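**Q** If you scroll down you'll find the structure; I have some questions about it.
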Amino acid sequence: MAPRQDADESAITATSLSVSARAAGVTSETELSAAIAAAPTNGTETVITIAGDLTLTKKITLATDQNIRLVDDGTARTVTFKGLVPAFTVASGATLTISTSSADNGLLVFDGGSKIATSNTGFISCQGTLNWEGGTLQNVYFTSSAGKGPIVVSGAEASMQLTEGLFTGNQTGYFSGVITVNGGASLVMDGGTITQNKADSNRGAPVYISAVDSAEKATSFVMNGGTISHNEGSLSGGVFVGNNDQEFSPGSAIATAVINEGAVIADNSSSDMGGGVTVFMAGRLTMSGGTVSNNTAVTMGGGVCLWDGWVGYFKSLYMSSYNWTEEQAQSFWKTKWSVWAPAAFTMNGGTITGNQAPDDPSNNASGTGGGVYAGSSAITLNAGTISNNFAGKQGGGVYVPAVPYEIQMNKPLVTGNTASIIGGGLWSCPTGDVHVYVNNGGAIYGNTAMGAGNDMASIVKKAAATGDPYALLLSNRILGGGRAAWYDDGAIKTAGDLGEAEEGAARFPGTNLYDGSVTETAKDLALNDKVESVAAQAASTVATLSITGNSAPRGGGIGTNGSVIIGMDDPVRDVTVTKAWDDSNDTRGLQPESVTVYLLRDGVRIDTAVLNAANSWTATFKDLPQHKDGDKTTDSVYTVSENQADGYKQPVITGDATSGFIITNTVVPATPTPPTPQTPPTATTTTTVTRKVAIPKTGDTTPLTAIGVAAGVGALLIAGALIARYRGRKEN
Numbered sequence: 001m002a003p004r005q006d007a008d009e010s011a012i013t014a015t016s017l018s019v020s021a022r023a024a025g026v027t028s029e030t031e032l033s034a035a036i037a038a039a040p041t042n043g044t045e046t047v048i049t050i051a052g053d054l055t056l057t058k059k060i061t062l063a064t065d066q067n068i069r070l071v072d073d074g075t076a077r078t079v080t081f082k083g084l085v086p087a088f089t090v091a092s093g094a095t096l097t098i099s100t101s102s103a104d105n106g107l108l109v110f111d112g113g114s115k116i117a118t119s120n121t122g123f124i125s126c127q128g129t130l131n132w133e134g135g136t137l138q139n140v141y142f143t144s145s146a147g148k149g150p151i152v153v154s155g156a157e158a159s160m161q162l163t164e165g166l167f168t169g170n171q172t173g174y175f176s177g178v179i180t181v182n183g184g185a186s187l188v189m190d191g192g193t194i195t196q197n198k199a200d201s202n203r204g205a206p207v208y209i210s211a212v213d214s215a216e217k218a219t220s221f222v223m224n225g226g227t228i229s230h231n232e233g234s235l236s237g238g239v240f241v242g243n244n245d246q247e248f249s250p251g252s253a254i255a256t257a258v259i260n261e262g263a264v265i266a267d268n269s270s271s272d273m274g275g276g277v278t279v280f281m282a283g284r285l286t287m288s289g290g291t292v293s294n295n296t297a298v299t300m301g302g303g304v305c306l307w308d309g310w311v312g313y314f315k316s317l318y319m320s321s322y323n324w325t326e327e328q329a330q331s332f333w334k335t336k337w338s339v340w341a342p343a344a345f346t347m348n349g350g351t352i353t354g355n356q357a358p359d360d361p362s363n364n365a366s367g368t369g370g371g372v373y374a375g376s377s378a379i380t381l382n383a384g385t386i387s388n389n390f391a392g393k394q395g396g397g398v399y400v401p402a403v404p405y406e407i408q409m410n411k412p413l414v415t416g417n418t419a420s421i422i423g424g425g426l427w428s429c430p431t432g433d434v435h436v437y438v439n440n441g442g443a444i445y446g447n448t449a450m451g452a453g454n455d456m457a458s459i460v461k462k463a464a465a466t467g468d469p470y471a472l473l474l475s476n477r478i479l480g481g482g483r484a485a486w487y488d489d490g491a492i493k494t495a496g497d498l499g500e501a502e503e504g505a506a507r508f509p510g511t512n513l514y515d516g517s518v519t520e521t522a523k524d525l526a527l528n529d530k531v532e533s534v535a536a537q538a539a540s541t542v543a544t545l546s547i548t549g550n551s552a553p554r555g556g557g558i559g560t561n562g563s564v565i566i567g568m569d570d571p572v573r574d575v576t577v578t579k580a581w582d583d584s585n586d587t588r589g590l591q592p593e594s595v596t597v598y599l600l601r602d603g604v605r606i607d608t609a610v611l612n613a614a615n616s617w618t619a620t621f622k623d624l625p626q627h628k629d630g631d632k633t634t635d636s637v638y639t640v641s642e643n644q645a646d647g648y649k650q651p652v653i654t655g656d657a658t659s660g661f662i663i664t665n666t667v668v669p670a671t672p673t674p675p676t677p678q679t680p681p682t683a684t685t686t687t688t689v690t691r692k693v694a695i696p697k698t699g700d701t702t703p704l705t706a707i708g709v710a711a712g713v714g715a716l717l718i719a720g721a722l723i724a725r726y727r728g729r730k731e732n
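If you read the sequence shown in UniProt numbering, its first letter stands for residue 1, the second for the next number, and so on.
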């Protein structure tokens with residue numbers, strides 16, 4: 001936060017558009033009360049400088065349209081109010097701003113003196129606007145009265161903006177928090193620190209966002225920044241959203257919370273559920289960023305706990321009160337209860353990491369959902385990271401506790417998780433349904449289980465209501481469209497319905513490979529998914545949700561007693577590719593024994609096939625997603641490619657995904673070999689001159705004239721030579 005203007009200046013900019021007025025510095029309770037009473041009621045901000053340490057003994061009220069800012073004078077000041085609550089009441093339409101003259105929360109401290117409050121309202125009871133821009137609230141003890149606490153913001157017109165500040169060493173009562181927001185009020189946290197506070201062990205939380213009544217406006221909390229850390233609670237160690245069983249009224253407005261980038265909820269602990277955040281009954285949480293880390297819950301949901309209160313509590317009450325059958329209870333939950341009490345969670349980003357739900361032998365409900373406990377059917381995980389969480393029993397990363405609860409995951413990459421017993425990636429107990437589809441689907445591979453089922457462990461049981469078995473459906477295509485190869489990996493023996501590893505059973509590799517998808521309702525399964533590198537790369541490219549590094553005895557990544565739906569059902573298609581050789585039946589012997597072709601989905605390489613004479617140079621890629629991930633209206637575009645073979649031209653690809661592709665390799669024409677030049681033999685010429693007198697014979701046809709001409713020419717040559725010699729001598 002940027003330092004505020006100095007307190008000695010004539011005006012301090014406030015949220016109000018009105019011009020600020022300054023009261024003289026106050027040094028006593030009497031002066032403070034008088035300054036506030038004298039402030040105008042027209043919305044103009046009045047700045048009151050705390051110029052000395054004060055002790056408050058009487059309640060101070062801000063009237064409608066009063067706008068008061070309290071600020072230190074540049075020297076550290078403490079306002080003490082031992083046991084007095086409320087010290088300040090902010091009426092509807094009024095505004096109270098707490099600030100410091102510079103970025104130091106120690107400059108203005110409000111101290112409750114560690115004395116237990118005797119009233120049923122908070123240190124600040126706000127029905128108007130509270131802006132906390134700096135300063136400290138500490139040592140306020142409050143241990144009674146539901147819905148109360150050190151700061152209570154209540155009513156449809158009430159709001160609190162936390163920009164900077166420190167809240168530490170406070171204690172709160174049951175069904176309340178250090179900051180309690182209810183009745184349609186709102187809290188926006190852009191900064192500040194809420195740390196080392198303690199909520200009552202009987203259902204309290206440091207920040208309590210409550211939907212206690214049927215207000216038309218939902219109570220809300222938006223966390224854009226700041227830190228909530230090292231607190232203790234029971235309903236949650238950090239933030240509670242919703243209502244408790246005693247407050248619930250069917251049709252209540254849903255309390256909402258949004259966690260954005262910059263928010264940190266860390267190192268909190270809960271004696272019950274929700275180490276970091278709890279959404280109970282009439283609550284809804286959206287996480288788009290931020291971090292929930294290193295929190296601990298004794299029972300369930302080390303990081304985030306979501307529970308609609310139905311299974312394990314209200315269901316049995318309704319069934320016994322109305323003598324309902326299982327089918328009647330299920331119908332009521334589906335049509336009524338899940339609407340009234342959704343306990344909803346949508347994760348679009350952010351990180352849930354390093355949280356724990358350890359096993360407590362004295363508590364049967366303990367040790368489940370190290371990262372996320374998913375006890376409702378309004379939970380969708382779209383994006384973000386759930387990593388390095390631990391559960392003492394089931395579901396290190398995510399846990400779905402019972403029927404009829406269901407979680408929807410889109411584009412998850414589940415890898416690198418560990419189970420000390422079975423189901424490193426995913427464990428499904430006898431009442432669990434698991435469906436992994438091809439569109440927006442998931443990738444579950446590279447996990448480890450010490451006993452059986454590195455990537456999947458499933459135990460079969462029939463549903464009590466219908467007699468139908470719970471289903472397991474695993475596509476043979478993973479996220480991105482690459483190929484999954486499911487192999488047996490050990491075996492499971494039933495032990496208390498949770499399953500144990502069968503000693504001596506063969507582990508992957510060297511075990512049975514399932515042909516295509518795995519659909520099983522009749523037997524227990526322990527599986528390993530072998531994924532080729534090209535498919536793994538495609539999956540990691542498109543994955544938006546990462547579940548990795550989590551651990552538990554069963555279901556290191558995901559554990560379920562309910563339903564886990566990954567992706568969405570979608571038609572599948574096949575793509576065929578054939579190799580054609582244009583090389584005169586390989587008369588030159590250039591054809592390789594095999595070639596590798598690549599399948600691309602929307603431009604991303606997802607699979608390979610080896611073509612050779614044994615398969616007639618043809619392969620079919622089966623069970624491919626028809627549509628783009630998450631879009632059932634747009635077809636995925638499939639293409640093929642191949643590396644150029646030695647001795648052949650660049651492959652020519654014809655056809656399409658519907659009719660099939662043909663990859664033609666045409667041999668490079670042979671270049672004619674020119675004849676090797678021959679060196680001609682060296683010729684030996686012998687000239688023989690034979691002088692012979694030709695005597696014409698009778699009848700000789702040689703003309704005499706020719707003989708005469710030859711003789712004449714010879715005479716001339718001799719004469720020329722003689723003349724040349726003569727001239728040479730003369731010149732000398």
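We put the beta carbon where it would ideally sit given N, CA and C, even for glycine. What you are looking at is a predicted structure, and each value in this text was computed from that prediction instead of being measured.
Tell me, please, whether the region 599 to 613 touches the region 547 to 565 by the rule of three or more beta-carbon pairs shorter than 8 Å.
**A** Flag = no, the region 599 to 613 and the region 547 to 565 do not touch.
**Q** Under 7 Å: does the beta carbon of V109 sit that close to some heavy atom of the ligand MG?
**A** Inclusion of the ligand MG in the displayed structure is not the case, the ligand content being empty and no account of it being possible.
**Q** What residue range is occupied by the uninterrupted alpha helix (DSSP H) comprising A543?
**A** From DSSP, A543 is part of no alpha helix (DSSP H); its letter is neither H nor E.
**Q** When the Cβ atoms of the region 413 to 427 are set against those of the region 371 to 380, are three or more pairs found closer than 8 Å?
**A** Judged by Cβ distances under 8 Å, the region 413 to 427 makes no contact with the region 371 to 380, as fewer than three pairs qualify.
**Q** Hey, how far is the Cα of I421 from the Cα of A501?
**A** Straight-line Cα distance between these residues: approximately 7 Å.
**Q** Span of the beta strand (DSSP E) holding Q161?
**A** It spans S159 to L162 - the beta strand (DSSP E) in which Q161 sits, taken as one unbroken run.
**Q** Give the list of continuous alpha helix (DSSP H) stretches no shorter than 4 residues that lie fully inside the region 516 to 586.
**A** Listed in chain order, the complete alpha helix (DSSP H) runs (minimum 4 residues) inside the region 516 to 586 are 533 to 542.
**Q** Can you tell me whether Y322 is buried or exposed, with buried defined as 16 or more other CB within 10 angstroms of its CB?
**A** Exposed, because fewer than 16 other Cβ atoms sit within 10 Å of the Cβ of Y322.
**Q** Determine the closest residue to G106 out of L166, L317, G242 and G177, with distance taken between C-alpha atoms.
**A** Ranking the options by Cα distance to G106, first place goes to L166.
**Q** I'd like the span of the beta strand (DSSP E) that includes Y638, first residue to last.
**A** Per DSSP, Y638 belongs to the beta strand (DSSP E) from Y638 to E642.
**Q** Could you please give me the residues that DSSP links to C429 through a beta bridge?
**A** Its beta-bridge partners do not exist; DSSP assigns none.
**Q** L590 by DSSP, collapsed to three states: which one?
**A** Looking at L590 - three-state DSSP - the assignment turns out to be coil, as it is neither helix nor strand.
**Q** List, from N- to C-terminal side, the beta strand (DSSP E) runs of 3 residues or more that fit wholly inside the region 311 to 395.
**A** Those beta strand (DSSP E) runs which fall completely within the region 311 to 395 and span 3+ residues are 344 to 353, 372 to 375 and 379 to 387.
**Q** With distances taken Cα to Cα, identify the nearest neighbour of V597 among D569, P651 and G647.
**A** The shortest Cα separation from V597 among D569, P651 and G647 belongs to P651.
**Q** Quick check on this structure: which residue in G555, G375 and A471 has the alpha carbon closest to the alpha carbon of G499?
**A** Ranking G555, G375 and A471 by Cα distance to G499 puts G555 first.
**Q** Buried or exposed for L513, please, with buried defined as at least 16 other CB atoms from any protein chain shown within 10 angstroms of its CB.
**A** With fewer than 16 Cβ atoms within 10 Å of its Cβ, L513 is classed as exposed.
**Q** Roughly how many angstroms lie between the CA atoms of Y399 and I558, to the nearest whole one?
**A** Straight-line Cα distance between these residues: approximately 6 Å.
**Q** On the CB-based measure, 16 or more other CB atoms within 10 Å of its CB, does A38 come out buried or exposed?
**A** Exposed, because fewer than 16 other Cβ atoms sit within 10 Å of the Cβ of A38.
**Q** Who are the near neighbours of V79 in its chain, counting only those whose CB is closer than 6 Å to its CB and skipping five residues on each side?
**A** These residues qualify, in order along the chain: L54 and F110.
**Q** With distances taken Cα to Cα, identify the nearest neighbour of residue 819 among A538, T41, P358 and S316.
**A** Nothing about residue 819 can be reported from this structure: the residues present for the chain run from 1 to 732 only.
**Q** Does the pairing of the region 575 to 595 with the region 653 to 662 give three or more beta-carbon distances under 8 Å?
**A** Contact holds: three or more Cβ-Cβ distances are below 8 Å.
**Q** Nearest by alpha-carbon distance to V181: which of G490, T64, L426 and E157 is it?
**A** Ranking G490, T64, L426 and E157 by Cα distance to V181 puts E157 first.
**Q** By the three-class DSSP mapping on this structure, what secondary structure does T64 have?
**A** Here T64 sits in coil by DSSP.
**Q** Would you grab the beta carbon distance between T291 and T351 for me? Rounded to a whole angstrom, and I think it's under 8 Å.
**A** Indeed, because the Cβ distance is near 5 Å, the residues count as touching under 8 Å.
**Q** Could you have a look at L600 and say whether DSSP puts it in helix, strand or coil?
**A** Correct three-state label for L600: strand.
**Q** In terms of alpha-carbon separation, which member of S376, C429 and L235 lies closest to Q408?
**A** Minimum Cα distance to Q408 is reached at S376.
**Q** How would you write the range of the alpha helix (DSSP H) that S210 sits in, first residue to last?
**A** Looking at the DSSP string, S210 is not in any alpha helix (DSSP H); the run it does join, the beta strand (DSSP E), is V207 to S210.
**Q** To the nearest angstrom, how far is the alpha carbon of I194 from that of M287?
**A** Those two C-alpha atoms are separated by around 19 Å.
**Q** Just to confirm before moving on: does the CB-CB distance between A391 and T418 stay below 8 Å?
**A** For A391 and T418, no; Cβs fall outside 8 Å.
**Q** Suppose the cutoff is 8 Å on Cβ atoms and the five residues either side in sequence are ignored; what does the same chain contact list for T618 look like?
**A** Closer than 8 Å at Cβ, skipping near neighbours: T576, V577, T578, K579 and L611.
**Q** Please report the Cβ distance between I116 and I151, rounded to the nearest whole angstrom; I am assuming they are in contact, meaning their Cβ atoms lie under 8 Å.
**A** Contact doesn't hold; Cβ gap of about 17 Å is too wide.
**Q** Given a cut-off of 8 Å on the beta-carbon distance, is the pair T548 and S293 in contact?
**A** Cβ atoms of T548 and S293: not closer than 8 Å.
**Q** Quick check: what's the CA-CA separation for E503 versus D489?
**A** Answer to the nearest angstrom: the Cα atoms are 12 Å apart.
**Q** I'd like to know if the region 325 to 343 and the region 517 to 529 are in contact, where contact means that at least 3 CB-CB pairs between them fall below 8 Å.
**A** With a cut-off of 8 Å, the region 517 to 529 and the region 325 to 343 do not count as touching, because too few Cβ pairs lie within range.
**Q** At a Cβ threshold of 8 Å, is L108 touching chain D?
**A** Among the chains in the structure shown there is no chain D, since it carries only a single protein chain.
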